[in-house]
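Below you'll find the structure, written out as structure tokens, and then a few comments.
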Amino acid sequence: MKISIITPYLGSETTAQAQAFLDDCRASVEAQEPIGTPFTVEHLVMPDDISGPKGVAAMRNAACRKACGDFFLFLDSDDYLGDNALGLAADIAAKHPGVPVAMEKRRTWYKRDAELQGNGSGENVSRPSSEKDPEIIFNPCSVLGILIPVSLIKDEFDEDLKYYCDIPYLSAILEQNAAVTAEGAYYYKRRHNDSVRYPALDQIKDKNRYAEFELACGRIGKKTEENGIMLDICGYIICKMTRGKHPEGLTWDKDDLAHVAGALRLCSEDFIRRNYKGVGRKILLRLLKGKCASAQRRAALHVMNRKKRGILGSPLQWKWNIYKRIFRKLPVKKELFLFESFLGKSYGDSCRAIYEYMSEGFASDRTKEGEKTTPGAYNGTRGGRRIQFVWVIDNKDAHIPGRHKEVKPQSLKYFYYVARCGAWINNMRQPAWYEKRDGVIFLECWHGTPLKKLVFDMEDVHSASPEYKMTFYRQSRIWDWLVSDNAFSTNAFMSAFLFPKEKILELGYPRNDLLYAPDKERRAAAVKEKLGIPADKKVVLYAPTWRDDDFYAPGQYKFDLPLDLNIMEELKDRYFFVLRTHYFIADHLSLSDAQKEFVTDCSRYNDIGELYLISDVLITDYSSVFFDYANLRRPILFYVYDFEKYRDTLRGFYFDMESRCPGPLLYTSREVADALKGIETVGAEFADKYRDFVNDFCYLDDGGAARRITEAVFKEEIS
Ligand code: C2G
143 MKISIITPYL GSETTAQAQA FLDDCRASVE AQEPIGTPFT VEHLVMPDDI
193 SGPKGVAAMR NAACRKACGD FFLFLDSDDY LGDNALGLAA DIAAKHPGVP
243 VAMEKRRTWY KRDAELQGNG SGENVSRPSS EKDPEIIFNP CSVLGILIPV
293 SLIKDEFDED LKYYCDIPYL SAILEQNAAV TAEGAYYYKR RHNDSVRYPA
343 LDQIKDKNRY AEFELACGRI GKKTEENGIM LDICGYIICK MTRGKHPEGL
393 TWDKDDLAHV AGALRLCSED FIRRNYKGVG RKILLRLLKG KCASAQRRAA
443 LHVMNRKKRG ILGSPLQWKW NIYKRIFRKL PVKKELFLFE SFLGKSYGDS
493 CRAIYEYMSE GFASDRTKEG EKTTPGAYNG TRGGRRIQFV WVIDNKDAHI
543 PGRHKEVKPQ SLKYFYYVAR CGAWINNMRQ PAWYEKRDGV IFLECWHGTP
593 LKKLVFDMED VHSASPEYKM TFYRQSRIWD WLVSDNAFST NAFMSAFLFP
643 KEKILELGYP RNDLLYAPDK ERRAAAVKEK LGIPADKKVV LYAPTWRDDD
693 FYAPGQYKFD LPLDLNIMEE LKDRYFFVLR THYFIADHLS LSDAQKEFVT
743 DCSRYNDIGE LYLISDVLIT DYSSVFFDYA NLRRPILFYV YDFEKYRDTL
793 RGFYFDMESR CPGPLLYTSR EVADALKGIE TVGAEFADKY RDFVNDFCYL
843 DDGGAARRIT EAVFKEEIS
């Protein structure tokens, strides 16, 4: 048996990601071995013309003309085969001569290694139905992953069809013989997480898509109901219409709906009643009778119910409605400055430093009332009105000084201030629904120099929101300014956020001003006392980052303390441990009474900057905390128990940790304890690397970043 595998490689697929996808595709073919029935394989990868792309159909036709196998198998360049897929399919084909053999299809976000080693997503989507997750859009009548005997192939692909050339092609084959399934033979259909630079065909916004769909469906033969084609078409329509919004980000209009209804022309009412029930049946029947608007209303109601919102909506949706219909109609208050740090979980980070720098200016107002002045601080009005400060905060330990208002995240007041503020100073992404109004300045401080790859530099996205590249892209387009701590971060932000250099303020991190404060010793002593840490103990701060693939829901990540406290206990005469989980971590650490004698949990502590001040040693992993901490020139240990997985699967790094980190990479709690015992030796051993590291990453921090940023952004604005 000779199998010709046909892979078009489109002209648009020029990105490194497309190449990586193709490498996976090729590797998956090379890994195929016969199980019982012997076979040979020719893999025909047909690159499209970059200067004048001809499209999938033309590339497939060109490859088919060259192919000399007895079977064709169409495999897209962004997909791959599971292990033994071909062997299993060939065995079935040998038992059923002249019959097409369909592999089971799985959709995945991940590359081959991750998927096949069990870190993937792999949902089976061989047959769509209204009950299935509507996010899974199935290609109707897809030729992919079907071992087709060449004797069944009559026509070429229609090169005028850009998206749906498979429909008439495959229906002509299946009309002769329905396919049998090769169970356990997987065809992995890979989802594209970068729809900005490398959209899959089903992510392309094209107003003509549904007209072509109708046209392609019009070319299928009469026996469509018997061989699964109509099931595919109907399933596809239900999936598309019950996605919640228009699947390609456009809006459903009358024409689209009429085309979708037109695609059902060869389908009978009886067929729909036999195969569908519930909402799927209702939508299809309405379309069949030409009641397109009614079908769409039914689909929208289904989406609303699925989200458990009901007709009236959730409380959050109500607030959002008031925001949209009332608050946003009120004029922008240019003098209203909104501050938010880590989603309102803390009064800290660069937003705090900028606020304190700005608000101290008002201390000079207070002199008139006999209070103390802070000289050199910022003072002002915007749009002729005195600046008002509002903090988004939900942390009982946050004691925000100065004249300001506080609002809780997601409260009605929050929506009010978000709608009306004239400046928003944030260190994370704003909500996806926020639309910036004229005259508003959005200052994005961000939250760290990146070691781990971010957004568009990440290959696969393993976190709870796999579509986060697109969302991030949309959100970051409204940022007027983005703060960067060093030239390295600037470059990373340009490639990771696709962000323009002109809008990046490479002026140091305001949050690190604290580490240069003249009274930092006094502040550290006060914090130590507040936390009840014995003054005679050295303090170790353990601050790891989060793991993308270990979550309950978006923004709610799991955490099992990897540091063995039984081993750390050996060091309790010398050290006191401060544990600090990342703000995404939902799990709470539980400490026994005995452990509380040498450990404290400061995960909810307001500002990690103050914890840097009190600690003598930092233990971290891949978190950006060490870039900031290095400003203190104190020892840093890297406890990287899952180094290879983090580097090769979860994220990847911007530089080689082994050669550039200013401290040792340690893999077990025992190694950490030993390093702590000999911390002086560590210091001496890493002195040169530490110096280079500080020169590369901390050279802008000097205690004056908040002033520089405030002046760069607001000097012209504020009088
Ligand atoms: N942080 C913290 N406690 C931790 C870890 C982090 O308070 N245990 C705070 C620090 O201010 C840190 C910031 O959160 O700088 C960002 O945390 P990261 O671990 O670096 O991870 P992430 O939030 O994914 O940010 O470009 C910055 C990062 O690399 C991405």
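The sequence shown begins at 143 in the numbering used here and counts up by one.
Positions of the beta carbon are idealized from the N, C-alpha and C atoms, including for glycine.
Check: residue i C-beta below 6 Å from any heavy atom of ligand 1
i	result
Lys-594	yes
Ile-750	yes
Gly-722	Rather than Gly, the amino acid found at residue 722 in this sequence is Arg. Checking the Cβ of Arg-722 against ligand 1 gives yes.
Val-625	no
Val-338	no
Ser-618	no
Thr-687	yes
His-334	no
Ser-766	yes
Gly-590	yes
Residues bridged to residue i [DSSP beta-bridge criterion]
i	result
Asp-743	Leu-721
Leu-215	Ile-147
Met-188	Pro-150
Val-243	Leu-289, Val-322
Tyr-328	Glu-246
Lys-547	Val-532
Asn-568	Glu-482, Glu-586
Ser-626	Glu-648
Lys-680	Tyr-717
Val-759	Val-682
Ile-860	Ile-860 is not bridged to any residue.
When the options are compared against residue i, the one with the closest alpha-carbon
i	options	result
Asn-537	Ser-488, Phe-584, Phe-828, Ser-626	Ser-488
Ala-659	Ala-848, Thr-613, Glu-601	Ala-848
Glu-175	Asp-218, Ala-231, Cys-307	Ala-231
Arg-339	Glu-644, Phe-639, Arg-789, Tyr-717	Phe-639
Leu-673	Ser-757, Ala-634, Lys-714	Ser-757
Ser-293	Ile-362, Tyr-330, Phe-214	Phe-214
Gln-890	Asp-692, Arg-448, Leu-399	The shown model of the chain, from 143 to 861, leaves out residue 890, and the question about it has no answer.
Asn-628	Phe-835, Leu-721, Thr-523	Phe-835
Residue environment, residue i, which counts as buried when at least 16 other CB atoms sit within 10 Å
i	result
Asn-350	exposed
Phe-504	No answer about Phe-504 holds up, because its pLDDT of 42 lies below 50 and its placement is not dependable.
Glu-246	buried
Trp-533	buried
Pro-150	buried
Phe-797	exposed
Pro-652	buried
Cys-803	buried
Asn-837	exposed
Val-549	buried
Phe-193	Per the sequence presented here, residue 193 reads as Ser, with Phe not at that position. Its Cβ having fewer than 16 others within 10 Å, Ser-193 is exposed.
His-238	exposed
Tyr-841	exposed
Gln-161	exposed
His-730	exposed
Lys-208	exposed
Ile-860	buried
Asn-654	buried
Ala-227	buried
Ala-495	buried
Trp-460	exposed
Leu-377	It should be noted that the sequence gives Gly, not Leu, for residue 377. The residue in question, Gly-377, is buried, as its Cβ has 16 or more Cβ neighbours within 10 Å.
Gln-572	buried
Lys-144	exposed
His-541	exposed
Cys-210	exposed
Trp-575	exposed
So, do the region 778–786 and the region 795–811 have three or more beta carbon pairs nearer to each other than 8 Å?
Segments in contact, yes.
Should the region 458–477 be called in touch with the region 420–433, which here means at least 3 C-beta pairs below 8 Å?
Short answer: they don't touch.
Kindly confirm or deny that the region 570–584 and the region 472–491 touch, where touching means at least three C-beta pairs closer than 8 Å.
Short answer: they touch.
Across the region 734–750 and the region 785–793, are there enough close Cβ pairs to call them in contact, namely three or more that are closer than 8 Å?
Output reads no: the region 785–793 does not touch the region 734–750.
Contact the region 604–613 vs the region 695–713: 3+ CB pairs below 8 Å
In short, these stretches touch, since the Cβ pair count reaches three.
For the region 435–449 against the region 410–425, are there 3 or more C-beta pairs whose distance is under 8 Å?
By the criterion of at least three beta-carbon pairs nearer than 8 Å, the region 435–449 is in contact with the region 410–425.
Say whether the region 240–255 touches the region 314–327, bearing in mind that this needs 3 or more beta-carbon pairs closer than 8 Å, one atom from each stretch.
Result yes; three or more Cβ-Cβ pairs closer than 8 Å.
Between the region 769–778 and the region 749–759, do three or more beta carbon pairs fall short of 8 Å?
When C-beta atoms of the region 769–778 are compared with those of the region 749–759, three or more pairs fall below 8 Å, so the two segments count as touching.
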